[in-house]
Amino acid sequence: MPLHLENLSLARNGVRYLDRVDATFRRGRLTTVIGRTLAGKTTLLRTLAGLQAPDSGDLKLDGVSIASVPVWKRDVAMVYQQFINYPHLSVLENVAFPLLRRGLKAPEAQLRAEATLAKVGLSGFAARRPSQLSGGQQQRVALARALAREAPILLLDEPLVNLDYKLREQLREEFRGLFAEETKAIVVYTTTEPAEAMMLGDEIVVMHEGRILQVGTPVDVFERPASTAVAEIVNDPPMNILPGAVVDGRIALGSYRLALPAHLSRLAAADYRFGLRATDLHVDPASEIAGSLVFAEISGSETFLHVETAFGPLALQIEGIHDIALGTQVPIGFSTERLFAFAADGALVVAP
Amino acid sequence: MNGSGFRAYKLAFLLPGLLILLAIILFPLIFTIRVSFSSWDAITPGLNNAGGINYAKLFGDVRYWQSLGRLSLMAVGTVLLQYLLGLGLALLVWREVKLRRFFRVLFLVPMMTTPVVMSVVWRTIFHESLGPANDLLGMVGLGPFQWLTSASTAIVSVMIVEVWQWTPFMFLLLLAGLLSLPREPYLAAAIDGAGPIRTFFNVTLPLLAPVSIGALIIRLIEASKIMETVYVLTSGGPGTATETTGYYIYIRGLRDFEIGYASALSITYLVIMIVALTIIAKLLVKVFIGERT
Amino acid sequence: MMPKLYGLLKYSVILLWSAFVVAPFLWALTTSFKTANGVTGGPTYIPWLQYEPSLTGWRSLFGGAGGIDIVKPYLNSIVVTGSASAISLVLGTLAAYGLSRFDYRVGPAKNADVLFFFISQRIMPPIVLAIPFFLMLQFLGLLDSLLGLILVYIALLLPIAVWVMIDFFNNIPRQIDEMAMLDGCTPFGAFFRVILPNSLPGIIVAGLFCIIFGWNDFFFAFTLTFTDAQLLPVAVVALNSSVTPWWSLSASALISVAPLVLIAFLVERFLSRGNLAGAIR
Chain X
16 MPLHLENLSL
26 ARNGVRYLDR
36 VDATFRRGRL
46 TTVIGRTLAG
56 KTTLLRTLAG
66 LQAPDSGDLK
76 LDGVSIASVP
86 VWKRDVAMVY
96 QQFINYPHLS
106 VLENVAFPLL
116 RRGLKAPEAQ
126 LRAEATLAKV
136 GLSGFAARRP
146 SQLSGGQQQR
156 VALARALARE
166 APILLLDEPL
176 VNLDYKLREQ
186 LREEFRGLFA
196 EETKAIVVYT
206 TTEPAEAMML
216 GDEIVVMHEG
226 RILQVGTPVD
236 VFERPASTAV
246 AEIVNDPPMN
256 ILPGAVVDGR
266 IALGSYRLAL
276 PAHLSRLAAA
286 DYRFGLRATD
296 LHVDPASEIA
306 GSLVFAEISG
316 SETFLHVETA
326 FGPLALQIEG
336 IHDIALGTQV
346 PIGFSTERLF
356 AFAADGALVV
366 AP
Chain W
8 MNGSGFRAYK
18 LAFLLPGLLI
28 LLAIILFPLI
38 FTIRVSFSSW
48 DAITPGLNNA
58 GGINYAKLFG
68 DVRYWQSLGR
78 LSLMAVGTVL
88 LQYLLGLGLA
98 LLVWREVKLR
108 RFFRVLFLVP
118 MMTTPVVMSV
128 VWRTIFHESL
138 GPANDLLGMV
148 GLGPFQWLTS
158 ASTAIVSVMI
168 VEVWQWTPFM
178 FLLLLAGLLS
188 LPREPYLAAA
198 IDGAGPIRTF
208 FNVTLPLLAP
218 VSIGALIIRL
228 IEASKIMETV
238 YVLTSGGPGT
248 ATETTGYYIY
258 IRGLRDFEIG
268 YASALSITYL
278 VIMIVALTII
288 AKLLVKVFIG
298 ERT
Chain R
1433 MMPKLYGLLK
1443 YSVILLWSAF
1453 VVAPFLWALT
1463 TSFKTANGVT
1473 GGPTYIPWLQ
1483 YEPSLTGWRS
1493 LFGGAGGIDI
1503 VKPYLNSIVV
1513 TGSASAISLV
1523 LGTLAAYGLS
1533 RFDYRVGPAK
1543 NADVLFFFIS
1553 QRIMPPIVLA
1563 IPFFLMLQFL
1573 GLLDSLLGLI
1583 LVYIALLLPI
1593 AVWVMIDFFN
1603 NIPRQIDEMA
1613 MLDGCTPFGA
1623 FFRVILPNSL
1633 PGIIVAGLFC
1643 IIFGWNDFFF
1653 AFTLTFTDAQ
1663 LLPVAVVALN
1673 SSVTPWWSLS
1683 ASALISVAPL
1693 VLIAFLVERF
1703 LSRGNLAGAI
1713 R
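Protein chains in written order, with the working numbering: chain X, 16 to 367; chain W, 8 to 300; chain R, 1433 to 1713.
This is the structure:
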């Protein structure tokens, strides 16, 4: 149990950034922390790094409290979402800087810096200043500086969020390769994007309003979200959550009735909140359920439809490019075998 | 940044400067307040307890109150003049001017050169028979003026020097402000069919308000301390016609050595200045930005 | 037709104001080459044509005829301004960095109040401080000494250094210092290794401002010194008393503002038009 957080809390000006956080981060694993903006992810990393002292709670590395170890002695590497490098140093000097600060001899530091630059594909740029590089290259320098140290704790705070879409995909792929080599370090990576969290994480921590909602493997969290809040955060677009009930052995959504699928057949009659991913809704001319189209967006080869129904808004993700006029009544088919059932308070009852 | 281990460093950054400033400024200020309640003068130097006698005396000191009135007039007058001239010049060169950098250095020079030294030069310029001021104005049929020896012109002469020295400051600040204005409001005004004058009053002046207020306040603070130029140009004369408050306190305190009384005058001067500048700052905000609705 | 007229107006106003700006300098320059005859004969402007130029004025500055010695006050001014500027720059830069990066609380006062205390010193009229300074330096035996003046000038210049530098530090992302600390620097290490090398333009501007204000002070130098520690402006003003040595007076005035003209060029270089307002604010 290498890095253990015990009951960490931190509030500023009445906003709770960390609310009784307990978590464990293991060596040789990459933990992604997913949550919306202001969920407390950055604060969590800053507290781990020692840049911010928590109001209460403790941090233990191998059972020894490190809460009072100042940041410069903590040996934590970090990559920020802004591309932070030292403007007055060359790329090579940037990467060698932390090595020299930690007592490495200059020739040795240079060798290791060069090797790390090669790893992130920046060998030809060693002599340049960071300001002469593109955003993606600048972030690679920051990453190289963090990796070269071989610090026992490596933190990445939404490192890809300020890059354009294509570059983000590419770097994400590279990250996967780079982190696979990290067998000794504790790596914590925050993101708002479910796909990124799933792809990179050995383990996922879901945060919301300063609290940890769920911890588990990507499959765990994706397939068995502990609550409606988790289901919304780990799906993109967020999972549709529909207030409804089970009445007379059927699902009631507003005035509509749907047959109970097999996996929900044992559900007692009560109010529920049903969850269904956007990909599990489709346009079905035969369906009697319909809603009026308020917004449509085309992304690649898929179309997202945002529809207003009698029982609330729905998001649909359908294959192909469709041009449908706003205001059109869209008939909606439900893949009921994919329905999640949550209790009225949001806790998961049955997952498909 | 407030992680653990920061505390000692935090203090090490701030404390040396703060303590030294406190020692050099706050201690003398408190000392002055104490002295102002004593009758320390050349004959009986030392701290005794004279109660509020200095403050009572000060209320009847016509020369002091006159100097304050004169100072207010000069400060507000010169700063207003500097602002109008500076704004006019800035508006003129707002759009590109050739040799821009050369003119900028040229305009920086007066505000950087030593005020008293330039006042010494100005005093020779204002010399009635040997100086160039009367000579050059005489060529266009003006004057001669008694620049420094008649009560009403002496004040004007002091103000001319102040305007010469500090208009560039206004100009440079306002020009920088003008150059950083956004374009959109001007497009909007042009679409509305506003003429140049309406555009100036409805768009330029409001957008320039923060810079204007800042520049005016900085200059007013400096102008309310006018004393050195007066000392060099006129020594407060003729009579007391150009005597500013600072200069009067200097005479009572460090020339006549009435330390106790001069301290009382100083403290009163400082308080009046702070109150007046605060009110003026509020008024400026109101004039430029208007009532908050 | 209109743009042409506007251009004409624009340049004539600029040239007119430029003439007003340079007039005192030109007058001082021409006067500095005059002799008693050249001055008392009434205003003249053009050497050789209107009067016979002579170096009497300039020679008098270095112990020549009718002499005042400008060298000692000049050196005094350099020592006092230089030392006070350097000390203020060091203390002010440290304090500004602290105020820019950390949260302080002194009783009810927070960062903004501490900063206000620093900057508000510029409001203080010199005369208010001159009387206690006089008594204090007398008590310490530092009247008419360079050390006493340096102490006083630190109080004058420290607020300027803080004022310029805090604005500069606030524009450097604080993640850079955090990164340095994550990389193993103490807060001092981060400041010296990473922040200072990236603050050179700000430090130069702050330093130039300190030098200008220090060099230009007259009142404290005037009230707190007599002969030994006399500074340049006091020496120049001492010539003010009579009409006759206008040539030495002009020469000394020019030589004492000459470094400032040089600084004006430097300041212009470092205050690009975009951040002029920011740097002076």
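From the three backbone atoms N, C-alpha and C, an ideal C-beta is built for every residue, glycine too.
Can the beta-carbon of residue 1581/R be found closer than 8 Å to that of residue 1692/R? No, the Cβ-Cβ distance between residue 1581/R and residue 1692/R is not below 8 Å.
Checking contacts by CB at 8 Å: is residue 1682/R closer than that to chain W? Closer than 8 Å: yes.
I think residue 1525/R touches residue 1635/R, with their Cβ atoms under 8 Å apart; what is that distance to the nearest whole Å? 7 Å between Cβ atoms; contact.
Candidates 105/W, 97/W and 234/W: which alpha carbon is nearest residue 177/W's? With respect to the C-alpha of residue 177/W, the residue from 105/W, 97/W and 234/W having the closest C-alpha is 97/W.
Cutoff 6 Å; reference residue 243/X; Cβ partners in own chain excluding five residues on either side: The residues are 256, 288, 357 and 361.
Looking at residue 104/X and residue 112/X, is the spacing between their C-beta atoms short of 8 Å? Between residue 112/X and residue 104/X, the gap from beta carbon to beta carbon is short of 8 Å.
Taking only runs that begin and end inside the segment 1470 to 1526 of chain R, name each unbroken alpha helix (DSSP H) of 4 or more residues, in chain order. Listed in chain order, the complete alpha helix (DSSP H) runs (minimum 4 residues) inside the segment 1470 to 1526 of chain R are 1488 to 1492.
Residue 22/X classed as buried or exposed, judged by whether at least 16 other C-beta atoms fall within 10 angstroms: Exposed, since its Cβ has fewer than 16 Cβ neighbours within 10 Å.
Would you identify the three-state DSSP class for residue 128/X, choosing helix, strand or coil? The answer is helix: DSSP assigns residue 128/X an H, G or I state.
Assumed close pair residue 1503/R, residue 1679/R - CB separation to whole angstroms, cut-off 8 Å: The Cβ separation is near 18 Å, so there is no contact.
Which bits of chain W does residue 86/X rub up against, with CB to CB less than 7 Å? Going along chain W in sequence order, the residues near residue 86/X (Cβ under 7 Å) are 10.
Quick check: the Cα distance between residue 366/X and residue 283/X, rounded to an integer number of angstroms? Going by the C-alpha atoms only, they are around 15 Å apart.
What alpha helix (DSSP H) runs, 4 residues minimum, are completely inside the segment 147 to 233 of chain X? For the segment 147 to 233 of chain X, whole alpha helix (DSSP H) runs of length 4 or above, ordered along the chain, are 150 to 163, 180 to 195 and 209 to 215.
Indicate whether at least one CB of chain W lies closer than 8 Å to the CB of residue 83/X. Using a CB distance cut-off of 8 Å, residue 83/X counts as an interface residue toward chain W.
Residue-level contact to chain W via CB, residue 96/X, 8 Å cutoff: No, because no Cβ of chain W sits closer than 8 Å to the Cβ of residue 96/X.
Using alpha carbons as the reference points, say which of 308/X, 175/X, 169/X and 130/X lies closest to residue 151/X. It is 175/X.
Do the segment 134 to 143 of chain X and the segment 58 to 68 of chain X meet, that is, are 3 or more Cβ pairs less than 8 Å apart? Contact fails: fewer than three Cβ-Cβ distances are below 8 Å.
Residues of the segment 202 to 228 of chain X in Cβ contact with chain R at a cutoff of 7 Å, in chain order, please. Cβ contacts with chain R come from no residue of the segment 202 to 228 of chain X.
Can you find a C-beta in chain R that's less than 8 Å from the C-beta of residue 72/W? The beta carbon of residue 72/W sits no closer than 8 Å to any beta carbon of chain R.
Let me know the secondary structure DSSP gives residue 250/W once reduced to three states. If DSSP states are grouped into helix, strand and coil, residue 250/W belongs with coil.
Can you tell me where the alpha helix (DSSP H) holding residue 61/W begins and where it ends? Start and end: 60 to 66.
Collapsed DSSP secondary structure at residue 37/X in the structure displayed: Note: residue 37/X maps to strand in three-state DSSP.
Candidates 27/X, 205/X and 124/X: which alpha carbon is nearest residue 57/X's? Answer by Cα proximity: 205/X.
Looking at the strands, I want to know which residues DSSP matches up with residue 49/X. Partner(s): 206/X and 221/X.
Residue 54/W beta carbon less than 8 Å from that of residue 126/W: No, the pair does not count as a contact, with Cβ atoms beyond the cut-off.
Hey, how far is the Cα of residue 279/X from the Cα of residue 170/X? Distance between the alpha carbons of residue 279/X and residue 170/X: 41 Å.
If we cut at 8 Å on Cβ distances, does residue 1708/R have a partner in chain W? Confidence at residue 1708/R is low in this model, with a pLDDT of 37, below 50, so its placement is unreliable and the value that follows should be read with caution. Yes, because at least one Cβ of chain W sits closer than 8 Å to the Cβ of residue 1708/R.
Do residue 65/W and residue 261/W have their C-beta atoms within less than 8 Å of each other? No, the pair does not count as a contact, with Cβ atoms beyond the cut-off.
Pull up the CB-CB distance for residue 332/X and residue 307/X, whole angstroms please, since I reckon it's below 8 Å. That belief does not hold up - the Cβ atoms of residue 332/X and residue 307/X are roughly 18 Å apart, past 8 Å.
Touching by the beta-carbon criterion (3+ pairs, under 8 Å), the segment 339 to 355 of chain X and the segment 297 to 306 of chain X: Yes: at least three Cβ pairs fall under 8 Å.
Does residue 81/W pass the burial test, meaning 16 or more other C-beta atoms within 10 Å, or should it be called exposed? Around the beta carbon of residue 81/W, 16 or more other beta carbons sit within 10 angstroms, so the residue counts as buried.
Alpha carbon to alpha carbon, how far is residue 265/X from residue 326/X? Give it in angstroms, no decimals. Inter-residue distance for residue 326/X and residue 265/X is about 16 Å (C-alpha atoms, whole angstroms).
C-beta neighbour in chain R for residue 25/W, strict 8 Å: Against chain R, the CB of residue 25/W has a partner CB under 8 Å away; the residue lies at that interface.
Do the segment 202 to 217 of chain W and the segment 111 to 120 of chain W make contact, defined as three or more Cβ pairs closer than 8 Å? No, they do not touch.
Report the neighbours of residue 1553/R on chain W: residues whose CB is nearer than 8 Å to its CB, in chain order. Close partners of residue 1553/R in chain W (Cβ separation under 8 Å): 28 and 32.
C-alpha distance - residue 268/W paired with residue 1660/R, whole-angstrom precision: Annotation: residue 268/W to residue 1660/R spans about 30 Å, alpha carbon to alpha carbon.
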